[in-house]
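Participant: Below you will find the structure I want to go over with you.
Protein chains in written order, with my numbering: chain A, 1 to 438; chain B, 1001 to 1647.
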């Protein structure tokens, strides 16, 4: 039982065992006790993050807790995390039998000077009770040499003299160069979980910037164009609708309104959707700011004004900055499937293609996304839901009314109900009427 | 004036030969068959002839850009000179020197006015030391009266009693500038101010001139003192080819009074015959030259790398650097009588500003000479001594003063061997201490050696205290016969020469002629520190600090020969460490560090990380704490190594 066992009489060393081969270091998330505090056997000492999971480290015995690495620091796997010391433990070295030194050569051994230790190495020797004279004469001893001798580091893999040695450039962050977020938009950074980092490493071998993947959903919205025209929304109608719906959905799917930088996900505070325009005068991407708060008509009218300016060559830089998501519509070009490329500072882009089939016009919505901060299933849900919402606009559902109460679809919806197709009476019936509530 | 001496037919014949030669050069030039330019001596033919009439075997001539007449007067070698001017392999310098830079049969020339004079003085000194009875003649123009090296040399030649005859061809124009514009005072008073005998003559009285020249030569040869002969004359053609801005009436007048024209009027048949023979000889020379190929150049860059063997350095005894240099000079003087020391304040008992030469002047009287403060002249004299086969060692008191000797190093010493087609060797040693950290201030603390690195044909060494400077000097005297600049270090003079270094480290030296020193420890180095000379002291200190404070294991590579620079040792170390910090005490732009960095980047497929350390880009202040901020030291090296290891 906890606390029942007698306290330790010798220092107990706690190391992180080689749990996963993918890790060469782990990160200490938090210490539950300060240095010098007496802990009992089984106490949770700290939480350590590996690439697989968060590990808990419990005290192997009762005694005084001592550690060097602080919360947030990474420590090499196999090295000492902490020690449990007996009370009153003083760090005078115990008599340790010196290892037999290996002379460099029979004649040279005595001619060589004793091993030279750095002050840090000498201190660690004292702490670990290793005799400095146990190191071969003529050698230069640093802290890692001492730790290695004490078995606290893996033995060094000898490097061939002719190979070039480059110091590893990786810092505490994941690999890759800095990614600049879009200007003028608030960004909130959070660290990606280790699981995600490892996944990215496995998939992309550590490539910086985006790991692009895409999913496509078919959107059967026959009559969408005519419906839009009927609403007075011009040729930009389909794009405007997609932007309208996507804008709202991005609040529910924030992963696609963010960006990745060296192991962190930066969440944009606004939803500004750029839409690709290429009317033969060059490709530009004017931005509809706060698209999630704008109505369909507002979005459409702003897109019209973008087009006017585009044609007159009057699009200003202010029109083109700040996009956090992009929609690119090639449905009018007779393109069905295509793989749009994610813009700088963004993590997703939606492409709209279409093909005319026997039943009318079919749309293909393709979401390309950065696999470093999202994954296929999420993207599929996004694009499927988007397709459904667009389909909903295309069908006569919008124009329908309840055959029974004659409420128009929007009114039904705002009442918390919805319309269902009905055979009898033909057309649609709202759920309120079906439920018998009058 | 009655001409007491009638010139022989040979002399006139030679005069016509010279004129035909020069006129043919102008014709060839207009036909596009010559390179560069030619400075013809038409009208001045008798200057060389008058002097050459009295020269003996073993006498030497040093001339200038207008040297053809002097050479032909002395040797008559039309073929060799024509081929040389035409840039052909059959030329006296293999076509490499061309019109202005000749060397054959005891006649030399170089295209730098003023700088030629101390070299001639050096030739004269060598002749006197050898007791050959020979004299040296230097031809200058009145334009040369503007150069300081002339006066430095007149001073020394007079003081040292050198058998030097200075012949001034006074044609009253320096290129386009008339003498009236540039000459202050009187020409004749100049040599006389130095106590030098003065003679005057002119080429319009060639017999009289020959007699006067004879008197001058006899004075120099007999009394063993310098003399100065001014010969008034006039060049009938332009300074070089077409640039003549003199009044036509003046030029025409001198054509009329030309002595050779006078001879032709008086002896037309002889003149006709001489002219024809001259033309034939010259034509033959041209045809011969045309058959010879152009000068070829074997462009050799650095030698191919060969693997380096390292030997552990073990130095017995404990002597200071200054003593080892002294001992090397002493032993060299004892074993080779050609060794001759000159410099300011080097004679005992004072023994040199840094006490290097000590009592050498007392051990070898007459072979260790204090000089006036004339760096240009004493370096030039050293060059002349070396040209004549002596082994001079010239001390420039402070490396900062090397600038005053720059012309002699750059335009003369380093060029002679190649320019003269390997006919000569110039075993001159110039030693000088560089370096600061003594509070001497901006003009006495510099490390200027980088301005003298990269002169092809020279070697630059830098001594330090981890390899015996005695051995460097001995190798130098035993095996080297090209100009060598030895950079010593003021603060290192007092250091003990020893192999003892930072704890755990040891010294090794390579098997090169001038070895590279490597200070290393067991284990793979994290960074390579490359330095030379005085900076080794600081680099060595950095080793300790790097290991103890930062757990960085560094290795020092310190070449003794910094030009030509052999990369092998640096490359070997850089391949292992992958990081190189190069440190020099001088200015960094285009310096030693730049050379190392560029060479490493060119040579290695995967170059290491490189960082250079050098002096701050301002003059060195006198105040020692401020000076310390301006010069790289152990701390700076440590910081650079830490930074480069962090990248």
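Even for Gly, the Cβ is constructed at its ideal location relative to N, Cα and C. Quick caveat: nothing in here was measured; it's all calculated off a predicted structure.
Name the chain A residues that come within less than 7 Å of residue 1548 of chain B, Cβ to Cβ?
Facilitator: Taking the second chain and counting its residues from 1, the one referred to as residue 1548 of chain B is at position 548. Result: 118 and 119.
Participant: In the DSSP assignment, the beta strand (DSSP E) including residue 1609 of chain B goes from what residue to what residue?
Facilitator: Counting from one through the second chain, the residue named residue 1609 of chain B turns up at place 609. Where residue 1609 of chain B is concerned, the enclosing beta strand (DSSP E) stretches over 1609–1613.
Participant: Alpha carbons only, please: which of B:1317, B:1119, B:1077 and B:1127 is nearest the one belonging to residue 1059 of chain B?
Facilitator: Position 59 of the second chain, counted from the start, is the residue given in the question as residue 1059 of chain B. The closest CA to that of residue 1059 of chain B, considering only B:1317, B:1119, B:1077 and B:1127, is found on B:1127.
Participant: Residue 1545 of chain B CB to nearest chain A CB: under 7 Å?
Facilitator: Translated into the one-based positions of the second chain, residue 1545 of chain B becomes position 545. Residue 1545 of chain B does not count as touching chain A.
Participant: Is it right to say residue 119 of chain A is buried, meaning 16 or more other beta carbons lie within 10 angstroms of its own, or is it exposed?
Facilitator: One-based indexing of the first chain puts residue 119 of chain A at position 119. It counts as exposed.
Participant: Once you ignore the five residues that flank residue 1595 of chain B on each side, which residues in its own chain have a CB closer than 7 Å to its CB?
Facilitator: Working through the second chain from its first residue, we reach residue 1595 of chain B at position 595. Contacts found: 1565.
Participant: Quick one: does residue 1523 of chain B have its CB under 7 Å from some CB of chain A?
Facilitator: The count along the second chain starts at 1 and reaches residue 1523 of chain B at position 523. Nearest CB-CB separation between residue 1523 of chain B and chain A: below the 7 Å threshold.
Participant: With the cut-off set at 7 Å, would you say residue 1445 of chain B and residue 1620 of chain B are in Cβ contact?
Facilitator: Here residue 1445 of chain B corresponds to residue number 445 of the second chain, with the count starting at 1. Here residue 1620 of chain B corresponds to residue number 620 of the second chain, with the count starting at 1. Yes, Cβ-Cβ distance for residue 1445 of chain B and residue 1620 of chain B is below 7 Å.
Participant: Using the Cβ count rule (16 or more neighbours within 10 Å means buried), how would you classify residue 170 of chain A?
Facilitator: Walking along the first chain from the start, residue 170 of chain A turns up at place 170. Unreliable placement is indicated for residue 170 of chain A, whose pLDDT of 32 sits below 50; no coordinate value is reported for it.
Participant: Any C-beta of chain A within less than 9 Å: which residues of the region 1121–1154 of chain B qualify?
Facilitator: Hits within the stretch: zero.
Participant: Alpha carbon to alpha carbon, how far is residue 388 of chain A from residue 26 of chain A?
Facilitator: Here residue 388 of chain A corresponds to residue number 388 of the first chain, with the count starting at 1. Here residue 26 of chain A corresponds to residue number 26 of the first chain, with the count starting at 1. Each residue's Cα considered, the two are about 44 Å apart.
Participant: Across which residues does DSSP place residue 64 of chain A in a beta bridge pair?
Facilitator: Indexing the first chain from 1 puts residue 64 of chain A at position 64. DSSP output for residue 64 of chain A lists A:38 and A:85 as bridge partner(s).
Participant: Find the nearest neighbour of residue 1481 of chain B within the set B:1470, B:1509 and B:1417, judged by alpha-carbon distance.
Facilitator: Looking up residue 1481 of chain B in the second chain gives position 481. When each option's Cα is compared against that of residue 1481 of chain B, the closest is B:1417.
Participant: Does the distance from the C-beta atom of residue 1065 of chain B to that of residue 1023 of chain B stay below 7 Å?
Facilitator: Position 65 of the second chain, counted from the start, is the residue given in the question as residue 1065 of chain B. Position 23 of the second chain, counted from the start, is the residue given in the question as residue 1023 of chain B. Not closer than 7 Å, so no.
Participant: Whether or not the region 1092–1111 of chain B and the region 1248–1258 of chain B are in contact is what I'm after, with contact meaning three or more pairs of Cβ atoms, one per stretch, closer than 8 Å; do they touch?
Facilitator: Counting Cβ pairs under 8 Å, fewer than three are found: no touch.
Participant: Starting from residue 1553 of chain B, find everything on chain A with Cβ-Cβ shorter than 9 Å and list it in chain order.
Facilitator: Here residue 1553 of chain B refers to the residue found at position 553 of the second chain. 140 and 142, listed in chain order.
Participant: Starting from residue 1503 of chain B, find everything on chain A with Cβ-Cβ shorter than 8 Å and list it in chain order.
Facilitator: If you number the second chain from 1, residue 1503 of chain B lands on position 503. Ordered by position in chain A, the residues that pass the 8 Å Cβ test against residue 1503 of chain B are 113 and 116.
Participant: How big is the Cα-Cα spacing for residue 1502 of chain B and residue 1422 of chain B?
Facilitator: Along the second chain, one-based indexing puts residue 1502 of chain B at 502. Along the second chain, one-based indexing puts residue 1422 of chain B at 422. Computed Cα separation, rounded: 46 Å.
Participant: Check each candidate in B:1103, B:1263 and B:1539 and name the one with the smallest Cα separation from residue 1640 of chain B.
Facilitator: Indexing the second chain from 1 puts residue 1640 of chain B at position 640. Of the candidates B:1103, B:1263 and B:1539, the one whose C-alpha sits nearest the C-alpha of residue 1640 of chain B is B:1539.
Participant: With C-beta atoms as the reference, is residue 1428 of chain B less than 7 Å away from residue 1413 of chain B?
Facilitator: Numbered from 1 along the second chain, position 428 holds the residue referred to as residue 1428 of chain B. Numbered from 1 along the second chain, position 413 holds the residue referred to as residue 1413 of chain B. The beta carbons of residue 1428 of chain B and residue 1413 of chain B sit closer together than 7 Å.
Participant: For the region 1242–1274 of chain B, list the alpha helix (DSSP H) runs that are entirely contained and at least 4 residues long, ordered along the chain.
Facilitator: 1248–1256 and 1259–1266
Participant: To the nearest angstrom, how far is the alpha carbon of residue 1310 of chain B from that of residue 1476 of chain B?
Facilitator: Start at 1 with the first residue of the second chain, and residue 1310 of chain B comes out as number 310. Start at 1 with the first residue of the second chain, and residue 1476 of chain B comes out as number 476. Distance between the alpha carbons of residue 1310 of chain B and residue 1476 of chain B is about 21 Å.
Participant: Check whether the region 1369–1379 of chain B touches the region 1112–1123 of chain B, taking contact to mean three or more Cβ pairs, one atom from each stretch, closer than 8 Å.
Facilitator: yes
Participant: I'd like the span of the alpha helix (DSSP H) that includes residue 1116 of chain B, first residue to last.
Facilitator: Taking the first residue of the second chain as 1, we reach residue 1116 of chain B at position 116. Unbroken alpha helix (DSSP H) run through residue 1116 of chain B: 1116–1130.
Participant: Check for me: the beta strand (DSSP E) holding residue 55 of chain A runs from which residue to which?
Facilitator: Reading the first chain from its first residue, position 55 is the one you call residue 55 of chain A. Segment 54–58, the beta strand (DSSP E) holding residue 55 of chain A.
Participant: Out of A:111, A:243, A:284 and A:370, which one is the CA nearest neighbour of residue 317 of chain A?
Facilitator: For the purposes of this step, residue 317 of chain A is taken as residue 317 along the first chain, with counting starting at 1. Minimum Cα distance to residue 317 of chain A is reached at A:284.
Participant: If you drop the 5 nearest sequence neighbours on each side, which residues of the same chain put their C-beta closer than 7 Å to that of residue 1278 of chain B?
Facilitator: By 1-based counting over the second chain, the position of residue 1278 of chain B is 278. Result list for residue 1278 of chain B: 1016, 1017 and 1020, in chain order.
Participant: Pick from A:259, A:44, A:419 and A:286: whose alpha carbon is nearest that of residue 62 of chain A?
Facilitator: Within the first chain, the letter at position 62 stands for residue 62 of chain A. Checking every option, the nearest Cα to that of residue 62 of chain A belongs to A:44.
Participant: Could you tell me the alpha carbon to alpha carbon distance between residue 1264 of chain B and residue 1032 of chain B, rounded to whole angstroms?
Facilitator: The residue you call residue 1264 of chain B lines up with position 264 of the second chain. The residue you call residue 1032 of chain B lines up with position 32 of the second chain. Each residue's Cα considered, the two are about 31 Å apart.
Participant: Decide yes or no for the touch test of the region 1556–1576 of chain B against the region 1282–1292 of chain B: beta carbon pairs closer than 8 Å, at least 3 of them.
Facilitator: no
Participant: Ends of the alpha helix (DSSP H) at residue 1363 of chain B?
Facilitator: Numbered from 1 along the second chain, position 363 holds the residue referred to as residue 1363 of chain B. Residues 1360–1363.
Participant: If you drop the 5 nearest sequence neighbours on each side, which residues of the same chain put their C-beta closer than 6 Å to that of residue 1493 of chain B?
Facilitator: Locating residue 1493 of chain B in the second chain gives position 493, where the first residue counts as 1. The answer, listed in chain order, is 1321, 1322 and 1354.
Participant: Hey, quick one: how far does the alpha helix (DSSP H) through residue 1418 of chain B stretch, first residue to last?
Facilitator: Translated into positions along the second chain, residue 1418 of chain B becomes position 418. Per DSSP, residue 1418 of chain B belongs to the alpha helix (DSSP H) from 1414–1419.
Participant: Under 7 Å between C-beta atoms, does residue 1577 of chain B make it to chain D?
Facilitator: Of the protein chains in this structure, namely A and B, none is chain D.
Participant: Name the two residues that bound the continuous alpha helix (DSSP H) containing residue 1155 of chain B.
Facilitator: To locate residue 1155 of chain B, count along the second chain from 1; it is residue 155. Its alpha helix (DSSP H) spans residues 1148–1160.
Participant: Applying the criterion that 16 or more other CB atoms from any shown protein chain within 10 Å of the CB defines a buried residue, is residue 196 of chain A buried or exposed?
Facilitator: Translated into the one-based positions of the first chain, residue 196 of chain A becomes position 196. Answer is buried; the Cβ neighbour count reaches 16.
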